[in-house]
Every structure is written in C-alpha cells, then in structure tokens.
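Taking it in order: structure first as structure tokens, then the write-up.
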Amino acid sequence: MKTVLVAFAAVVAGSLPATANTNALKNPVNALPEAGSFEVVNKWSPKADYFWCSAAREALKRGASHRDRLYVSAAMGPSRTEAGERAVAFTYRPDPALVSRALSSTDLAQIGSNMSVSQGKRRCIKEIDG
Numbered sequence: 141m142k143t144v145l146v147a148f149a150a151v152v153a154g155s156l157p158a159t160a161n162t163n164a165l166k167n168p169v170n171a172l173p174e175a176g177s178f179e180v181v182n183k184w185s186p187k188a189d190y191f192w193c194s195a196a197r198e199a200l201k202r203g204a205s206h207r208d209r210l211y212v213s214a215a216m217g218p219s220r221t222e223a224g225e226r227a228v229a230f231t232y233r234p235d236p237a238l239v240s241r242a243l244s245s246t247d248l249a250q251i252g253s254n255m256s257v258s259q260g261k262r263r264c265i266k267e268i269d270g
C-alpha cells in the first residue's frame with residue numbers, strides 16, 4: 141500500500157507545473173551609513189520586483205512597519221559596497237529633500253521612486269516555471 145501511495149504521489153507531483161521562488165535567489169543587501177538605508181546589489185537579475193522584494197524584507201528586518209514607505213535614494217548604478225557590481229540604494233527613513241522628490245513610480249532608475257513596505261513584500265511572489 142505504501143509503495144502505491146508513493147508512486148501515486150510521484151505521478152501527481154510530476155504532472156503539476158513546477159514553481160520556484162525566483163526571489164529566493166536573494167540579491168545581497170548591504171548596510172549604508174545613512175539611517176534606515178541599505179543597498180540591494182544586483183547579482184541575479186535587474187528585474188525591479190527582485191529589488192523591491194529584497195528591500196522590503198530588509199526594511200522589515202530592520203524594524204520598519206508594513207506601512208512605512210521605501211524610497212529609492214540612489215538609482216541603479218555602481219555599488220557603494222561591492223566593487224564592480226551594480227546596485228540600488230533604498231531607505232525607509234527619507235530626509236525631507238528625498239520626500240520632496242517623491243515620484244508615483246517604482247522605477248529603479250529614478251531617485252524618489254517609492255512604495256510601501258507592504259507593496260514591496262507583495263513583490264516576493266512565486267513564479268511558475270515553464
């Protein structure tokens with residue numbers, strides 16, 4: 141009976157689409173000296189969702205609430221923490237100058253792009269392989 145159940149489970153599992161949490165690739169996140177700021181380094185893909193997901197996870201780890209806003213404080217460019225890499229700097233403690241530049245955008249090439257930590261966390265999704 142056990143053999144039949146194991147065989148059945150293997151057949152069912154093989155017929156389902158494979159899913160992979162590509163955000164689990166986890167781009168490195170490094171601290172920056174400014175309060176509430178850190179850098180997400182591009183190691184896997186320049187896909188914006190991966191950056192926002194990593195930024196939201198890091199902000200929550202550092203004590204931000206889901207309602208706090210994440211801001212791009214330095215657009216995609218040379219990393220400040222890893223030589224030869226590209227990165228985006230984020231903050232959940234923006235200074236007044238950054239808040240005044242806030243954009244209704246999630247573009248990683250634009251300083252001031254922002255979203256709530258909760259919105260960023262929703263970018264951490266499972267994708268269907270195939």
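Quick note on numbering: the sequence shown equals residues 141 to 270 in my numbering.
All C-beta atoms, glycine included, are put in the ideal place defined by N, C-alpha and C.
Helix, strand or coil for residue i, going by three-state DSSP, please let me know.
i       : result
Glu-222 : coil
Glu-179 : strand
Glu-198 : helix
Ser-258 : helix
Cys-193 : helix
Thr-162 : In this prediction, Thr-162 scores a pLDDT of 46, lower than 50, which makes its location untrustworthy; no coordinate-derived value is stated.
Chain B beta carbons: is any one of them nearer than 8 Å to that of residue i?
i       : result
Leu-200 : Annotation note: the requested chain B is absent from the structure, which comprises a single protein chain.
Following the continuous beta strand (DSSP E) through residue i, name the residue where it begins and the one where it ends.
i       : result
Asn-170 : 169-171
Out of the options, which has the shortest C-alpha to C-alpha gap to residue i?
i       : options                               : result
Glu-179 : Ser-244, Gln-259, Pro-218 and Val-257 : Pro-218
Pro-173 : Ser-213, Ala-237, Arg-226 and Asp-189 : Ser-213
Glu-225 : Met-216, Arg-233 and Thr-231          : Met-216
Ser-253 : Ser-244, Lys-261 and Cys-193          : Ser-244
Ala-175 : Trp-184, Lys-187, Lys-183 and Leu-210 : Leu-210
Glu-198 : Thr-246, Phe-230, Asp-247 and Pro-236 : Phe-230
Arg-202 : Trp-184, Ile-265, Val-169 and Glu-222 : Val-169
Could you check whether the Cβ of residue i sits closer than 7 Å to any heavy atom belonging to the ligand SAH?
i       : result
Thr-246 : Absence of the ligand SAH is noted for the structure shown, with no ligands found whatsoever.
Can residue i and residue j be called in contact, C-beta distance under 8 Å?
i       : j       : result
Asp-189 : Arg-241 : no
His-206 : Val-257 : yes
In chain order, which continuous runs of the beta strand (DSSP E) of length 3 or greater are located wholly inside the segment 203-256?
209-218, 226-231 and 254-256
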